[in-house]
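Residue numbers (the numbering used here), protein chains in the order written: chain A, 1 to 274; chain B, 1 to 272; chain C, 1 to 270. Even for Gly, the Cβ is constructed at its ideal location relative to N, Cα and C.
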Amino acid sequence: MLRVENLRKRYRTGDEALKGVSFSVPAGEVVGLIGPSGAGKSTLIRCVNRLVEPTDGNVFLNDLNITQLGRGDLKRARRRIGMIFQEFALVERLSVMENVLSGRLGYVSFWQSFTRRFPQADVDKAFALLERVGLSDHADKRADALSGGQRQRVGIARALEQDPELLLIDEPTASLDPKTSRQIMRLITEICRERNLPTIINIHDVPLAQAFVDRILGLQDGELVFDGPPSELTESVLTRIYGEEDWTTMRGDQDDGEDGRSARLIKEAPAELV
Amino acid sequence: MPIKKSEAGAPVWMHRTPKTRLLMWVGWLALVALFVFCWQVMTKDTIWYFVADAPRQAADIGSRMFPPKLDYMNELWGPLWDTINIATLGTLLAIVMAVPVAFLAARNTTPSIRFVRPVALFIIVSSRSINALIWGLLLVAVIGPGVFAGIIAIALRSIGFIAKLLYEAIEEIDETQIEAINATGASAMQRLDYGITPQIMPAFAGITVFRWDINIRESTVLGLVGAGGLGLKLQASINVLAWGQVTTIFIVILVTVMISEWVSAKVRHSLI
Amino acid sequence: MTVENASAAPRIWRKQPFIKNPLTRWGLYTAALIYLALAVSTVPVNWARVWEGLDRGWRFVQGFLVPDFTSRWGDILIGMQESLTMTVTSTVVGILISVPIGIGAARNIAPAPVYAICRGIITISRSFQEIIIAILFVAMFGFGPFAGFLTLSFATIGFLSKLLAEDIEDIDESQTEAIGATGGGWWQVVNYAIQPQVMPRLIGLSLYRLDINFRESAVIGIVGAGGIGATLNTAIDRYEYDTAGAILIVIILIVMVAEYSSGYVRKWVQ
């Protein structure tokens, strides 16, 4: 059970990303968070595990108030919150298995993690998870040798390796093609229901969200403007969230590839060594 | 490119405006004047008789350098071994000191941008500004001549080089990978081990091997100031004007440098 | 939660070693260890001498922290003057000579015999350290900054020509083709298609070399080729560590200023 109360975030630049957001997610419910770019979706889920420090408000995970925790307690709280990222955020040069096991970092000592001697229970769980996401044969491959869909599966396995009580998912399909996107969304929602996990998915693809989630939150300019089942997401609601647009054509566009997102993946060449 | 109207009304295209043309001229003139001035100052004590005599001197030295005295090679194995050790041990010592400096200097890992980072940057600049030979000169005066002084000299010079390139690599890492490791509840040391180290490892290995290659070159001449290795023999041979031996030493240096360059290129290639 | 128990027997996982073959791996480790042991054991360290030296080292550190600029100011000034003039003249002459050699050493525009000759010059110039060339030039031209000037010019040629040639080889071929297609001759191709493409980098490299030449000018004085190195050498020989500290501080400052300003100019050029 996740409960967010009156959450506010003002950046140092003065931008107010969140203007008092409140909602709660019961166990086993998969919530889709939609809204235009810059609405504060990414800030909102990062405030939950305090990768971004909220300015005001409370976040309760079961009975624990995460916003009140000190550094050490925050680390222990983060172990209970799994996170899956837009561009996978795997450690590219580590093997798939090391990436999955990195989900246990908060539980093992530095020495255990440094020598890569994780408890056998953790290793067993990692193998089981790799099997669940369909990557049993890839355990010792390097993460950068995998395709986008496979990498996101590793990302899912890493988050589940934490034995989370809550899943935060940031644009899981934004770097994937439409078919893989559906497969990944199906996998995520299945797993969440299997494990009875409360889950928030940031997603900008409205039709995809409607197809898979139980409930939708609409965020617009830092405020919640919609909270309800996908079936109630009518065109007038979409207009309230996104502004004026011809929604019928947008639905037709759902199978198009992701526009220009891959450009962000191309890193600049390293500075020359003269 | 400015386009003007001529008096007849037809457009005239010119490469540069009169103003930029004037500026270019003044710039070039200033450069030439600076050069002439520097030349005058530099050569005011030059004895032109020696300069005119140089071709004859060159021919004389050239005739003494050939044929090279190849059996002198027997005396060079020891100094060659020392030279390689100076470069290798010096590089290893430099790594030990440069890695912490690099982490203190990188914007995203330094404990304090205001206080610690400037100190680290100052260490890097001082180490880089002073050539290994000057470090050698100082260390020979301080701890006495020999291989040990050479190792320390190479290490002190290499700290700045390795730390500078390494901290630039650290500043270029992908922050989302760090964010993901943070989100698992990892400690600072685990973040270093899982988030940062894998990302900078290739750069680190490349920089190290590159510096080792440079250090082999530098350690061949460190002996000129008494810091051990082939340079000692070079100095001794020049002092007694044994040019045949000098040629042999040059050949050894050349071959060593070529081999180290090949090794370094090979290793760096296999890392990418 | 049945998936968790899917695999019955516990599967051991160990990190894949960097070198897969255990024989090669352990062979390399032992070889490295043996080399290190041999290398360290053949380094003669006279600890008594080092211990004595620590005192001197401390005095040097003090000299560096409280430098003495005044007592040898005249010598420092002359040394600096020689170093700076040597740097400027050798860089200018070096650039003037390296541009034609660099063009000649570019495979895509130079005829084969010219290419071979220019590459040969570059290889010779790059093979030896500045200090070795300085020794030879001092032997031929006598002591003083003129030998230093020749040394630095010679070294500049190897550095600049090589990088310039590589740049020309990397240029966008379509632009040379376009100018060639308009009926332009070889000189026009160089002037219109190649010069604009490599000019910013040539300026950048020249400034970088100016910086290197200054640093080197502080070294070649040790073998008699003039410059601040000679002054520094004398100061250290006389155990005047406070003066040596002053000279080093001046060198560091000039290098910092040169690096900062050349970075600024390079940004401005591009």
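Helix, strand or coil at residue i [DSSP, three-state]
i, result
"S7(C)", "Since pLDDT at S7(C) reaches only 47, below the 50 mark, its modelled position is unreliable, and the value read off the structure follows with that caveat. If DSSP states are grouped into helix, strand and coil, S7(C) belongs with coil."
"G32(A)", "strand"
"R215(A)", "strand"
"I121(C)", "helix"
"A17(A)", "strand"
"D170(A)", "strand"
"V240(B)", "coil"
"F293(A)", "Chain A is shown from 1 up to 274; residue 293(A) falls before or after that span and cannot be answered."
"D81(A)", "Per the sequence shown, the amino acid found at residue 81(A) is Ile instead of Asp. In this structure, I81(A) counts as strand in the three-state DSSP scheme."
"S113(A)", "helix"
"S262(C)", "helix"
"Q162(A)", "coil"
"N131(B)", "coil"
"N46(C)", "coil"
"L160(C)", "helix"
"L314(A)", "Residue 314(A) falls outside the range modelled here, since chain A spans only 1 to 274, and no answer is possible."
"W262(B)", "helix"
"N65(A)", "strand"
Opening and closing residue of the beta strand (DSSP E) in which residue i lies
i, result
"R10(A)", "L2 to R10"
"K141(A)", "Segment: none, K141(A) is in no beta strand (DSSP E) and carries neither H nor E."
"L224(A)", "E223 to G228"
"A60(A)", "Residue identity differs from the one stated: residue 60(A) is Phe in this sequence, not Ala. Taken as a continuous stretch (DSSP letters only), the beta strand (DSSP E) holding F60(A) covers D56 to L61."
"T110(B)", "Where T110(B) is concerned, there is no enclosing beta strand (DSSP E), given that its DSSP letter is neither H nor E."
"I201(A)", "T199 to N202"
Own chain partners of residue i with C-beta closer than 7 Å, once the 5 adjacent residues on each side are dropped
i, result
"K19(A)", "R8, G222 and E223"
"L156(B)", "S127 and W135"
"R193(A)", "G28"
"V140(B)", "A149, V225, G226 and A227"
"V265(C)", "L207"
Contact set for residue i: own chain, Cβ-Cβ below 6 Å, skip 5 residues either direction
i, result
"G160(B)", "I124, S127 and R128"
"V269(C)", "P200 and I203"
"R46(A)", "V52"
"D75(C)", "T231"
Cβ shell of residue i (< 8 Å), same chain only, five flanking positions each side left out
i, result
"G252(A)", "In this prediction, G252(A) scores a pLDDT of 43, lower than 50, which makes its location untrustworthy; the coordinate-derived value is nonetheless stated afterwards. So the list is empty, once near-sequence residues are dropped."
"E130(C)", "T151, L152, A155, E216, V219 and I220"
"I200(B)", "L166, A169, I170 and I173"
"L254(B)", "none"
Continuous alpha helix (DSSP H) stretch holding residue i: start and end
i, result
"I170(B)", "V147 to E171"
"W48(B)", "W48 to M65"
"L192(B)", "First-last for L192(B): undefined, no H or E at that position."
"M185(A)", "P178 to R195"
"M42(B)", "P18 to M42"
"S102(A)", "Unbroken run through S102(A): none, as it is neither H nor E."
"T233(C)", "It should be noted that the sequence gives Asn, not Thr, for residue 233(C). I228 to D237 is the span of the alpha helix (DSSP H), which, as asked, contains N233(C)."
"V276(C)", "Summary: the structure shown does not reach residue 276(C), with chain C confined to residues 1 through 270, and so no result is reported for it."
"A178(C)", "E173 to A181"
"E179(B)", "E175 to A183"
"G78(B)", "W77 to A105"
"P17(C)", "Counting along the chain, P17(C) falls outside any alpha helix (DSSP H), and DSSP gives it neither H nor E."
"T197(B)", "T197 to V221"
Contact test: residue i Cβ vs the ligand GTP heavy atom, cutoff 6 Å
i, result
"V26(B)", "For the structure depicted, the ligand GTP is absent and the ligand set is empty, with no information on it obtainable."
Practice prompt. Quick one: which residues of the segment 17-48 of chain B get their C-beta closer than 7 Å to a C-beta of chain C? List them in chain order.
Written response: L34, F35, C38, W39, V41, M42, T43, D45, T46 and I47
Discussion item. Whether or not the segment 116-133 of chain B and the segment 245-263 of chain C are in contact is what I'm after, with contact meaning three or more pairs of Cβ atoms, one per stretch, closer than 8 Å; do they touch?
Written reply: yes
Worksheet item: What residues in the segment 173-203 of chain B bring their beta carbon closer than 8 Å to a beta carbon of chain A?
Response: D174, T176, Q177, E179, A180, I181, N182, A183, T184, G185, A186, S187, M189, Q190, D193, Y194, G195, P198, Q199, M201, P202 and A203
Practice prompt. Give, in chain order, every residue of the segment 161-192 of chain C whose Cβ lies closer than 9 Å to some Cβ of chain A.
Written response: L163
Discussion item. Using 8 Å as the cut-off, can you tell me whether the segment 218-228 of chain B makes contact with the segment 79-94 of chain B, which would need three or more C-beta pairs spanning the two stretches below that distance?
Written reply: yes
Discussion item. Does the segment 121-133 of chain A come into contact with the segment 151-168 of chain A, if we say contact requires no fewer than three beta-carbon pairs (one atom in each stretch) closer than 8 Å?
Written reply: yes
Worksheet entry | Interface residues of the segment 127-146 of chain C facing chain B [CB-CB below 7 Å] | S127, Q129, I131, I132, I135, A139, M140, F141, G142, G144, P145 and F146
Item to complete: Scan the segment 113-147 of chain B for residues whose Cβ lies nearer than 7 Å to a Cβ of chain C and list them as they occur along the chain.
Response: V125, S126, S129, I130, N131, L133, I134, L137, L138, A141, V142, I143, G144, G146 and V147
Discussion item. Beta carbons nearer than 8 Å to chain C: which residues of the segment 245-257 of chain B have them?
Written reply: F250, I253, L254 and V257
Practice prompt. Decide yes or no for the touch test of the segment 17-29 of chain C against the segment 166-178 of chain C: beta carbon pairs closer than 8 Å, at least 3 of them.
Written response: no
Worksheet item: Counting pairs of Cβ atoms below 8 Å between the segment 57-66 of chain C and the segment 175-188 of chain C, do you hit three or more?
Response: no
Discussion item. What are the residues in the segment 147-158 of chain C lying within 8 Å of chain B by C-beta distance?
Written reply: F149
Worksheet item: Quick one, which residues of the segment 144-166 of chain A are near chain B if we go by CB-CB under 9 Å, in chain order?
Response: G155, R158, A159, E161 and Q162
Worksheet item: Any chance the segment 78-86 of chain B sits against the segment 126-140 of chain C, with 3 or more Cβ pairs inside 8 Å?
Response: no
Discussion item. So, does the segment 115-126 of chain C touch the segment 17-27 of chain B, judging by three or more C-beta pairs under 8 Å?
Written reply: no
Discussion item. What are the residues in the segment 74-100 of chain A lying within 8 Å of chain C by C-beta distance?
Written reply: S95, M97 and E98
Discussion item. Measuring CB atoms only, is the segment 172-190 of chain A touching the segment 144-155 of chain A, in the sense that at least three cross pairs come out at less than 8 Å?
Written reply: yes
Discussion item. Three or more C-beta pairs under 8 Å: does that hold for the segment 102-118 of chain A against the segment 181-192 of chain B?
Written reply: yes
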